[in-house]
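Taking it in order: structure first as structure tokens, then the write-up.
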Amino acid sequence: MLATVAAVAGVVVRGLHKGFGPITALAGVDLEVQPGTVHGLLGPNGAGKTTLLRALLGLVRLDAGRIDVEGVVAGFVEVPGAYPYLTGRQNLEFLAALDDDPGDVSEALDLVGLMDRADTKVSGWSLGMRQRLGIAAALLRRPDVLVLDEPANGLDPQAARSLRQLIAGLTADGLTVLLCSHDLAEVDALCEDITVLLAGRVAWTGTVSELRARPGRSVLTTSDDVLARQLRPRAMAATDDADGGLVVLGDTAAVDAYVLTLAQHGVAVRSLRQESLPLEEAFLELTR
Ligand code: ATP
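Residue numbers (the working numbering): 1439 to 1726.
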């Protein structure tokens, strides 16, 4: 199997700096990707994600910092390129001819599920098929680390799901994947760990479950909202709901303590809705 690697490899990035003239794309980024896992790279537009992936692929000259990877890194940024007037197989054969020790073209095509269309011209291929061809091209390099920039961009739900299954299968075979995505459902489904970039810096890094466990949002209605608002700890305050609900931010223990304080001051809690903080909420909170 092409995706089976001799030894699993991780990625360690330290103090990465990259500027483009007056623009600072990376301002001291540290990152660790555990071997054999899918690590999600998130962040708003212009946060520096693609520049970081380019750096890992050796496509940009860094101003400072170092990247340690055990093994070969391969992948694509933005959209994978292919010659439209060649067939999928011809595209891969062309790439394989440039490599000293390429993987097997048929095996790569098979692995990404493109065998049945391999000998047709890429000009007639769907976006999902081109994304798969991009992954096949990366796998031809026998990578230990696969870098994918928005691989499901523009795919229909069915194609996106099948791409997810492909990526999950590759990591099961030992590949390490760094996945840049704006699709939080995709990140949730695939990634163990996440790094959130904001303006060229790491705003947060940790596991998906840690991100989900960040202080949640609860909405209360009370018998005396004015007093309840005064009693609400400053650290728990948030913009109240337009329909009059009092919003508090905090974990369960903090919300319990607040409710008890209200009771001690004679304020009755009439309703309490504890909204779990989905990944999207956490992401918006971090990048606000
Ligand atoms: P997006 O989600 O929109 O793809 P991103 O997080 O991938 O954004 P980057 O593409 O890494 O962000 O860009 C980070 C910053 O660096 C942006 O301000 C961008 O305009 C700038 N930048 C990136 N590449 C270049 C370049 N080749 N020349 C000049 N500026 C660049």
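The beta carbon of each residue, even a glycine, is placed where N, CA and C say it ideally should be.
Residue i beta carbon near the ligand ATP (any heavy atom closer than 7 Å)
| i | result |
| --- | --- |
| ILE1461 | yes |
| ASN1591 | no |
| PHE1721 | no |
| ASN1483 | yes |
| PHE1458 | yes |
| LYS1559 | no |
| THR1489 | yes |
| GLY1683 | no |
| GLY1486 | yes |
From the options, residue whose alpha carbon lies closest to that of residue i
| i | options | result |
| --- | --- | --- |
| VAL1449 | ASP1554, ARG1602, ASP1631 and TYR1696 | ASP1631 |
| LEU1601 | GLY1566, ASP1501, ALA1673 and VAL1507 | GLY1566 |
| HIS1511 | ASP1548, SER1564 and ASP1582 | The residue you asked about is not His; residue 1511 is Val in the sequence shown. Comparing Cα-Cα distances from VAL1511 to each of ASP1548, SER1564 and ASP1582, the minimum goes to ASP1582. |
| VAL1507 | VAL1471, GLU1545 and ASP1501 | VAL1471 |
| PRO1473 | LYS1559, PRO1518, LEU1616 and LEU1724 | LEU1616 |
| GLU1624 | GLY1496, ALA1597 and SER1661 | ALA1597 |
| LYS1559 | GLY1572, ASP1537, ARG1527 and LEU1584 | ARG1527 |
| THR1690 | MET1674, ALA1641 and ARG1555 | MET1674 |
| LEU1585 | PRO1518, GLU1531, GLY1592 and GLY1562 | Going by the sequence as given, residue 1585 is Val instead of Leu. Answer by Cα proximity: PRO1518. |
| GLY1466 | LEU1549, HIS1477, LEU1490 and GLY1478 | LEU1490 |
| ALA1520 | CYS1618, THR1475, GLY1562 and GLY1704 | GLY1562 |
| GLY1688 | VAL1697, ASP1681 and ALA1680 | VAL1697 |
| ASP1468 | GLY1638, ARG1599 and VAL1550 | GLY1638 |
| GLY1654 | LEU1665, LEU1604, ALA1701 and PHE1721 | PHE1721 |
Bridge partners - residue i, DSSP secondary structure assignment
| i | result |
| --- | --- |
| GLY1688 | GLY1654 |
| GLU1470 | VAL1450 |
| HIS1455 | ALA1465 and ALA1502 |
| GLY1513 | VAL1585 |
| GLN1712 | SER1656 |
| THR1525 | LYS1559 |
Own chain, CB closer than 8 Å to residue i, minus 5 neighbours either side, in chain order
| i | result |
| --- | --- |
| LEU1636 | GLY1481, PRO1482, ALA1485, LEU1724 and THR1725 |
| GLY1541 | LEU1440, ALA1534, LEU1577, LEU1578, ARG1579 and ARG1580 |
| VAL1646 | GLY1478, VAL1625, ASP1626, CYS1629, GLU1630, ASP1631, ILE1632 and LEU1717 |
Contacts around residue i, its chain only, beta-carbon distance under 7 Å, and the 5 residues preceding and following it disregarded
| i | result |
| --- | --- |
| ALA1493 | LEU1454, LYS1456, LEU1500 and ILE1505 |
| ASP1621 | ALA1590 |
| THR1442 | In this predicted model, THR1442 has a pLDDT of only 36, less than 50, meaning its place in the structure is not dependable enough to derive any value. |
| GLU1648 | none |
| ALA1692 | MET1674 |
| ARG1708 | THR1659, THR1660 and SER1661 |
| GLY1572 | PHE1514 and PRO1518 |
| ALA1606 | LEU1628 |
Sequence-distant residues of its chain with Cβ nearer than 6 Å to residue i (five each side left out)
| i | result |
| --- | --- |
| ALA1445 | Note that ALA1445 scores a pLDDT of 43, beneath 50, so its modelled location is shaky; the value from the coordinates is reported in the next line. Within the same chain, ALA1445 has no close Cβ partners at all. |
Write down every uninterrupted run of the alpha helix (DSSP H) in the segment 1593-1649 whose length is 4 residues or greater and which is fully enclosed by it, in chain order.
1595-1610 and 1622-1628
Hey, which unbroken runs of the beta strand (DSSP E) at 3 residues or more fall wholly within the segment 1530-1555?
none
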